[in-house]
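Peer 1: Listed in order, the protein sequences are those of chains Z and L.
Mind the numbering: the first sequence is residues 1221 to 1332 in my numbering, read in order.
Mind the numbering: the second sequence is residues 95 to 207 in my numbering, read in order.
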Amino acid sequence: RKEVEQDPGPFNVPEGATVAFNCTYSNSASQSFFWYRQDCRKEPKLLMSVYSSGNEDGRFTAQLNRASQYISLLIRDSKLSDSATYLCAVNSLGSSASKIIFGSGTRLSIRP
Amino acid sequence: GAVVSQHPSWVICKSGTSVKIECRSLDFQATTMFWYRQFPKQSLMLMATSNEGSKATYEQGVEKDKFLINHASLTLSTLTVTSAHPEDSSFYICRGGSSNEQFFGPGTRLTVL
């Protein structure tokens, strides 16, 4: 089983829609969780860290469910500029907090 | 904020040649750098952890003699793909920073003919 798993998509939704991604992780001892955004042929950019209590940044909401070992990302009122690949990331077992493993990414395409 | 630069941004080479990729931390001291590889439409796969002044730690399945890592200073880590072959064509990207914040380099796109 992969350490971090995501639905690869693609998700194709109209502008203004709400879209949600889930990501599961296998290591129950993981402590740090993140969502990254990656545009085509570019490096990933940190979108937001995910905290136990859940956190929100504008149209983006991240949730962590430790019991079920998944994290989620909700995008409200989606914009054309949200089209990208969204990667979840989790810190690796027995390593420094800086060593993180990425999921395969979920492709999102927003249509006008 | 902290910036990580990477050079070259892209390279095309013949099969059998070696390619060196440099990753520099511009305004912080990088005791550790992480090297990833990404094939088209796939995720970033961690290859190795580069440690300043000591040997790199390689992930399972990554050949240390194939992918040579040198981290001789606090601002520079290098990855050399030795005797590159077409299957090594990929997007190579480094990541470094402090324990609080990490940054990716812009990546190097390697194409081996």
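Glycine included, every Cβ here is placed at the ideal spot set by N, Cα and C.
Suppose you measure from the CA of leucine 1177 of chain Z to the CA of lysine 1222 of chain Z; what does that come to, to the nearest Å?
Peer 2: Limits of chain Z in this structure are 1221 at one end and 1332 at the other, which puts residue 1177 of chain Z out of reach.
Peer 1: Residues bridged to glutamate 116 of chain L by DSSP?
Peer 2: Looking at the DSSP assignment, glutamate 116 of chain L forms a beta bridge with L:His101 and L:Thr172.
Peer 1: Grab the span of the beta strand (DSSP E) containing tyrosine 186 of chain L for me, first residue to last.
Peer 2: First-last of the beta strand (DSSP E) with tyrosine 186 of chain L: 184-191.
Peer 1: Give the secondary structure of serine 1272 of chain Z by DSSP, where H, G and I count as helix, E and B as strand, and everything else as coil.
Peer 2: Serine 1272 of chain Z falls in the coil class under three-state DSSP.
Peer 1: Could you give the DSSP three-state label for serine 148 of chain L: helix, strand or coil?
Peer 2: Coil.
Peer 1: Give me the Cα-Cα distance between alanine 1237 of chain Z and arginine 1296 of chain Z, rounded to the nearest whole angstrom.
Peer 2: Each residue's Cα considered, the two are about 7 Å apart.
Peer 1: Taking Cβ-Cβ distances below 8 Å as the criterion, which residues of the region 1284-1301 of chain Z are in contact with chain L?
Peer 2: Hits within the stretch: zero.
Peer 1: What in chain L is Cβ-close to leucine 1307 of chain Z, meaning under 9 Å?
Peer 2: The contacting residues are Ser137 and Leu138.
Peer 1: In angstroms with no decimal places, state the Cα-to-Cα distance between arginine 131 of chain L and phenylalanine 1322 of chain Z.
Peer 2: Roughly 11 Å between the two C-alpha positions.
Peer 1: Anything in chain Z within Cβ reach of phenylalanine 198 of chain L, meaning under 7 Å, just list it in chain order.
Peer 2: Near phenylalanine 198 of chain L (Cβ distances below 7 Å), the residues of chain Z are Glu1263 and Pro1264.
Peer 1: Going by DSSP, what residue range makes up the beta strand (DSSP E) through threonine 1244 of chain Z?
Peer 2: Segment 1239-1245, the beta strand (DSSP E) holding threonine 1244 of chain Z.
Peer 1: Does tryptophan 104 of chain L pass the burial test, meaning 16 or more other C-beta atoms within 10 Å, or should it be called exposed?
Peer 2: So tryptophan 104 of chain L ends up on the exposed side.
Peer 1: Can you list the residues of chain L that glycine 1323 of chain Z reaches, using a CB-CB cut of under 8 Å?
Peer 2: Result: Ser137.
Peer 1: If you compare alpha carbons, which of Z:Phe1254, Z:Tyr1245 and Z:Pro1228 is closest to serine 1288 of chain Z?
Peer 2: For serine 1288 of chain Z, the nearest C-alpha among the options comes from Z:Tyr1245.
Peer 1: Taking phenylalanine 1280 of chain Z as the reference, which of Z:Pro1264, Z:Ser1298 and Z:Tyr1290 has the closest Cα?
Peer 2: If we check each option's Cα against that of phenylalanine 1280 of chain Z, Z:Ser1298 comes out closest.
Peer 1: Which residues in the same chain have their Cβ closer than 8 Å to the Cβ of alanine 178 of chain L, if we skip the five residues on either side of it in sequence?
Peer 2: Contacts found: Cys107, Ser109, Gly110, Thr111, Ser112, Val113, Leu204 and Val206.
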